[in-house]
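**Student:**
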Amino acid sequence: MEVINQKAVRTDNTLLAVTHLTQLLSYVTGFGSLIVPLIIWLSSKDKVQGMDEHGKAIINFQISLILYIIISIPAILLLGLGILGLIGVGIIGFILPIVNAVKAANGESPSHFMTIRFLR
């Protein structure tokens with residue numbers, strides 16, 4: 001009788017990269033940039049090596065972006081500074097997931113640029 005290790009952790013850099021790229025769903029569908037990576041992270045954080053680190057980075061980044069958007073909306077009344085904030089959030093929210101997907105595909109740690117660490 002052969003014993004199968006149920007707790008084996010596998011290396012899957014492609015899944016890590018795809019998890020980062022699912023953050024771009026909000027640019028296509030208008031939603032899903034937080035929910036889809038959250039589902040992938042929760043379902044495979046114990047099965048894929050590095051998923052816990054990358055998943056926490058994604059969730060922290062998405063919550064940070066939401067917070068920056070909430071702050072930028074009332075700041076529009078202050079000489080239009082909120083518009084610059086919203087443009088900056090849009091650019092960073094598009095570029096950083098791509099950068100982190102490339103890093104994940106290469107087996108590197110994700111970038112935490114402009115990220116407030118809610119989950120540690």
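For the sequence shown, UniProt numbering assigns the number 1 to the initial residue and increments by one for each residue that follows.
All residues carry an ideal CB built from backbone N, CA and C; glycine is no exception.
Could you name the residues of the same chain whose beta carbon sits closer than 8 Å to that of residue 188, not counting the 5 residues immediately before and after it, in chain order?
**Tutor:** Because the chain spans 1 through 120 in this model, residue 188 falls outside it and cannot be assessed.
**Student:** Where does V48 fall in DSSP's three states?
**Tutor:** strand
**Student:** Buried or exposed: which applies to T115, given that a residue is buried once 16 or more other Cβ atoms fall within 10 Å of its Cβ?
**Tutor:** buried
**Student:** Quick one, which of K103, S111, L24 and R117 has its alpha-carbon nearest T14's?
**Tutor:** K103
**Student:** For S111, which residues from the same chain have a beta carbon less than 7 Å from its beta carbon, with the 5 sequence-adjacent residues on both sides left out?
**Tutor:** L96, V99, N100 and K103
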